[in-house]
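Peer 1:
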């Protein structure tokens, strides 16, 4: 009689070969699901939602703005977790995953800032205001740029992973501030949470349903790009090792 | 088919077109990088096998 298979530990996927094998089938599945759900969410939101009685058709920007802003913050949180795993357990895949997540998070932050500015102009009468949430988001974007630049500036991969992990810990303050700034400081123009589990929530289901779908879609876009990016980083690292070995052999 | 966006049509269209262009650019860049590293690694591995 054979013993039942032992459940696989999460740490097994820190092995690059196992990660490549898992992501080989997970990546296409995630990419298709991301395209379908984002498509449904955005088409539903753009074509089939009514105008808001106060904001008119600009309310349709919410289907891009909120998912992008959510992913901008969540990408940094994911990088924080991966950086902590690197610092504590020295798993290379986690450091490379954090590196791969940074450009995705940076673009999500730009989309959130851009759609926010385009939305703010007609509703607030200004493209930009030094509101706590907007300002902390801008600083988060600068942290993304700094993080990407630091990875590129350091030749040794392990040293780069160490230093960027520390930068990621510091930047996490702004990732959290971006999410909670509207609650900490009430003097800003930016509203509080659009979605809430509290009774008497402000958003109608006509908007909430496509918004939730777009949020899941953006989340899956992030996962798909993260998997693809981490695979590229693992290959780049192996390439570097092979080239170094070639040089040593002459 | 196109919804009537009223006086905010420019802002809404700009938000959608700009965001989709950025998303497409990001996906294209990641895809290009994936293909480039895969090809380069295959070349190096083939060279290593020949040695």
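Residue numbers (the working numbering), protein chains in the order written: chain A, 5 to 254; chain B, 125 to 175. Cβ atoms here follow ideal geometry from the backbone N, Cα and C, with glycine treated the same way.
Can the beta-carbon of residue 255(A) be found less than 8 Å from the beta-carbon of residue 179(A)?
Peer 2: Outside the shown range of chain A (5 to 254) lies residue 255(A), about which nothing can therefore be said.
Peer 1: Quick check on residue 60(A): does DSSP put it in helix, strand or coil?
Peer 2: The count along the first chain starts at 1 and reaches residue 60(A) at position 56. Of the three classes helix, strand and coil, the one that applies to residue 60(A) here is strand, per DSSP.
Peer 1: Give the C-beta separation of residue 171(A) and residue 154(A) to the nearest angstrom, bearing in mind that I take them to be a contact with Cβ-Cβ under 8 Å.
Peer 2: Position 167 of the first chain, counting from 1, holds the residue named residue 171(A). Position 150 of the first chain, counting from 1, holds the residue named residue 154(A). Correct: roughly 6 Å between the Cβ atoms.
Peer 1: So the candidates are 13(A), 241(A), 56(A), 20(A); which of them puts its Cα closest to the Cα of residue 161(A)?
Peer 2: The sequence position of residue 161(A) within the first chain is 157, counting from 1. The option with the nearest alpha carbon to residue 161(A) is 241(A).
Peer 1: Alpha carbon to alpha carbon, how far is residue 127(A) from residue 236(A)? Give it in angstroms, no decimals.
Peer 2: As a working note, residue 236(A) is residue 232 in the first chain. As a working note, residue 127(A) is residue 123 in the first chain. Spanning the two alpha carbons is a distance of roughly 42 Å.
Peer 1: Out of 250(A), 251(A), 243(A), point me to the one whose CA is closest to residue 164(B)'s CA.
Peer 2: Counting from 1 along the second chain, the entry for residue 164(B) is found at position 40. Residue 243(A) is the option with its Cα nearest to residue 164(B).
Peer 1: Sort 129(A), 113(A), 227(A) by Cα distance to residue 146(B) and report the nearest one.
Peer 2: Sequence index remark: in the second chain, residue 146(B) carries index 22 (1-based). Ranking the options by Cα distance to residue 146(B), first place goes to 113(A).
Peer 1: Between residue 54(A) and residue 238(A), is the Cβ-Cβ spacing less than 8 Å?
Peer 2: Here residue 54(A) refers to the residue found at position 50 of the first chain. Here residue 238(A) refers to the residue found at position 234 of the first chain. Not a contact, by the Cβ cut-off of 8 Å.
Peer 1: Which ranges would you report for the alpha helix (DSSP H) in the stretch 99-158 of chain A if only whole runs of at least 4 residues count?
Peer 2: Runs of the alpha helix (DSSP H) inside the stretch 99-158 of chain A: 136-157.
Peer 1: If you count every other CB in all the chains shown that lies within 10 Å of the CB of residue 135(B), and 16 or more means buried, which is it?
Peer 2: Counting from one through the second chain, the residue named residue 135(B) turns up at place 11. Residue 135(B) comes out buried.
Peer 1: In the structure shown, what three-state DSSP assignment does residue 78(A) receive?
Peer 2: Mapped onto the first chain, residue 78(A) falls at position 74. If DSSP states are grouped into helix, strand and coil, residue 78(A) belongs with the helices.
Peer 1: For a cutoff of 8 Å on Cβ pairs, would you count residue 142(B) as touching chain A?
Peer 2: Counted from its first residue, the second chain places residue 142(B) at position 18. Residue 142(B) counts as touching chain A.
Peer 1: Kindly indicate which three-state DSSP category residue 28(A) falls into: helix, strand or coil?
Peer 2: In the first chain, the residue the question calls residue 28(A) occupies position 24. DSSP places residue 28(A) in helix when its eight states are reduced to three.
Peer 1: What does a CB cutoff of less than 6 Å around residue 35(A) pick up in its chain, not counting 5 residues either side in sequence?
Peer 2: Here residue 35(A) is taken as the residue at index 31 of the first chain, counted from 1. The residues are 228.
Peer 1: Check the Cβ-Cβ distances between residue 154(B) and every residue of chain A, and say whether any is below 8 Å.
Peer 2: By 1-based counting over the second chain, the position of residue 154(B) is 30. Chain A, which has a Cβ nearer than 8 Å to the Cβ of residue 154(B), makes this yes.
Peer 1: State the Cα-Cα distance for the pair residue 252(A) and residue 40(A), rounded to the nearest angstrom.
Peer 2: Walking along the first chain from the start, residue 252(A) turns up at place 248. Walking along the first chain from the start, residue 40(A) turns up at place 36. Answer to the nearest angstrom: the Cα atoms are 48 Å apart.
Peer 1: What residues in the stretch 118-143 of chain A bring their beta carbon closer than 8 Å to a beta carbon of chain B?
Peer 2: Cβ contacts with chain B come from 118, 119, 122, 123, 125, 126.
Peer 1: Quick one: grab the DSSP three-state call for residue 127(B).
Peer 2: What you label residue 127(B) is simply residue 3 of the second chain in a count that begins at 1. Coil.
Peer 1: Taking 8 Å as the CB-CB cut-off, is residue 115(A) touching chain B?
Peer 2: Mapped onto the first chain, residue 115(A) falls at position 111. Taking Cβ atoms only, chain B reaches closer than 8 Å to residue 115(A), which makes this a yes.
Peer 1: Alpha helix (DSSP H) containing residue 209(A): first to last residue?
Peer 2: Locating residue 209(A) in the first chain gives position 205, where the first residue counts as 1. Per DSSP, residue 209(A) belongs to the alpha helix (DSSP H) from 209-253.
Peer 1: Residues of the stretch 161-173 of chain B with a CB closer than 8 Å to any CB of chain A: list them in chain order, please.
Peer 2: Listed by position, the residues of the stretch 161-173 of chain B near chain A (Cβ gap below 8 Å) are 161, 162, 164, 165, 168, 169, 171, 172.
Peer 1: With burial defined as no fewer than 16 other Cβ atoms inside 10 Å of the residue's Cβ, what is the status of residue 66(A): buried or exposed?
Peer 2: Counting from one through the first chain, the residue named residue 66(A) turns up at place 62. The residue is buried, with at least 16 neighbouring Cβ atoms inside 10 Å.
Peer 1: Reducing DSSP to helix, strand and coil, say where residue 194(A) ends up.
Peer 2: Locating residue 194(A) in the first chain gives position 190, counting from the first residue. Coil.
Peer 1: Would you check if the stretch 92-107 of chain A and the stretch 73-84 of chain A touch, i.e. whether three or more CB-CB distances between them fall below 8 Å?
Peer 2: Segments in contact, yes.
Peer 1: Shorter than 8 Å from the beta carbon of residue 145(B) to some beta carbon of chain A?
Peer 2: Here residue 145(B) is taken as the residue at index 21 of the second chain, counted from 1. Not one chain A Cβ lies under 8 Å of residue 145(B).
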